[in-house]
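What follows is one structure encoded as structure tokens, with my remarks underneath.
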Amino acid sequence: MATGIFGLKESQIDLMKRAFWPMLEKGITYSIPLTLISFAIGIIIAVLVALVVINKVPVIRQIAGIYIWIFRGTPLLVQLFIVYWGICNPLGIDKWIASVVAFSLNVGAYSAETIRAAILSIPKGQWEAGYSIGMSYHQIFTRIIIPQAAKVSVPPLFNSFISLVKDTSLASTIMITEMFRKAQEFASGTFEYLIIYLEVAFIYLIFCTLLNGVQKLLEKKLRVGKN
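If you read the sequence shown in our numbering, its first letter stands for residue -3, the second for the next number, and so on.
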């Protein structure tokens, strides 16, 4: 049989052409939206948890600590299975919602520590300066602390976002037809596991490379890191 580029058979090249756009489409319509929604909710959770820990809110602080401990200390795949098979599926809750819940809670636990550290990195003198000119706690926090903490936390938070893009592939384990699940369907139907999985890896690489570019632009705008 005739061979094409890189020694691939024509049938393999044809398969890669047929598989590329369906996998890319699932990445755009499922993987990326799942990432964006989960990350947005996760950041909200992270900010609330970080503030609870920093302000030493009684009881809730202990609960927040246990939450961080559990979700940072167990695998994301196990968390996803517990949320879906243990809670959502028995209650008839959609697997998409289960994925969002699991990913959001995981992001929230990791990002809470990042945000907490960023806020605590701001010198206490900033707070004192704000109080000295008559600003309230809320004004100091939103106008002085948050802008400075954002500059510190952007790189690690964006890294978490990029990692989440790849972690959404775990949603395939509960039969959500995202990008990796589509790759599995092509691979199992043709037995061309290597080329299909290499191809989907390439698509993930494209997504993450583009996001790395966005991260660098954002860091430059915030004057973080190298210019």
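We put the beta carbon where it would ideally sit given N, CA and C, even for glycine.
A quick note: this is a predicted structure, and the numbers were derived from the prediction, not measured.
{"Query": "Based on DSSP bridge pairs, tell me the residues matched to LYS217.", "Result": "None, per the DSSP bridge assignment."}
{"Query": "Taking LEU76 as the reference, which of ASN102, GLU124, PRO18 and ASN155 has the closest Cα?", "Result": "ASN102"}
{"Query": "Counting along the chain, where does the alpha helix (DSSP H) carrying ASN51 start and finish?", "Result": "Per DSSP, ASN51 belongs to no alpha helix (DSSP H) and is neither H nor E."}
{"Query": "Distance, Cα to Cα, SER24 vs GLU174?", "Result": "Checking the sequence, you will find Ile at residue 24 rather than Ser. Between ILE24 and GLU174, the C-alpha separation is close to 9 Å."}
{"Query": "Pop quiz: TYR106 and ARG57 are said to be a contact at Cβ under 8 Å. What is the actual Cβ separation, rounded to whole angstroms?", "Result": "With 8 Å as the limit, TYR106 and ARG57 do not qualify as a contact, their Cβ atoms being about 18 Å apart."}
{"Query": "To which residues of the same chain is VAL79 closer than 7 Å at the C-beta, ignoring the five residues directly before and after it?", "Result": "ALA94, VAL97 and ALA98"}
{"Query": "What separation, rounded to the nearest whole angstrom, lies between the Cα atoms of LEU47 and LEU116?", "Result": "11 Å"}
{"Query": "Looking at GLN122 and ILE140, is the spacing between their C-beta atoms short of 7 Å?", "Result": "yes"}
{"Query": "Can you tell me the Cα-Cα spacing of LEU30 and SER100, whole angstroms?", "Result": "10 Å"}
{"Query": "How far does the alpha helix (DSSP H) with TRP123 in it extend, from its first residue to its last?", "Result": "120 to 128"}
{"Query": "Just curious, the alpha helix (DSSP H) that TRP81 is in, first and last residue?", "Result": "Taken as a continuous stretch (DSSP letters only), TRP81 belongs to no alpha helix (DSSP H), as it is neither H nor E."}
{"Query": "Within the same chain, show all residues whose beta-carbon is closer than 6 Å to that of ILE170, passing over the 5 residues directly before and after it, in chain order.", "Result": "TYR80 and LYS91"}
{"Query": "Could you spell out where the alpha helix (DSSP H) holding ALA114 opens and where it closes?", "Result": "91 to 116"}
{"Query": "Please report the distance separating the alpha-carbon of MET(-3) from that of LYS22.", "Result": "At MET(-3) the pLDDT is 45, less than 50, meaning the model places this residue with poor confidence; the figure from the coordinates comes in the next sentence. Whole-angstrom Cα-Cα distance: 32 Å."}
{"Query": "Can you find at least 3 beta carbon pairs, one from the stretch 200 to 217 and one from the stretch 154 to 164, that sit closer than 8 Å?", "Result": "yes"}
{"Query": "Tell me whether the beta-carbon of LYS162 lies closer than 7 Å to the beta-carbon of TYR200.", "Result": "yes"}
{"Query": "Helix, strand or coil, according to DSSP, for ASN208 in the structure here?", "Result": "helix"}
{"Query": "Beta carbon of THR150, beta carbon of LEU206: below 7 Å?", "Result": "For the record, residue 150 in the displayed sequence is Val; it is not Thr. No, these two residues do not count as a Cβ contact at 7 Å."}
{"Query": "Which residue from ILE28, SER27 and TYR63 puts its Cα closest to that of LEU44?", "Result": "TYR63"}
{"Query": "By DSSP, does GLU195 sit in helix, in strand, or in coil?", "Result": "helix"}
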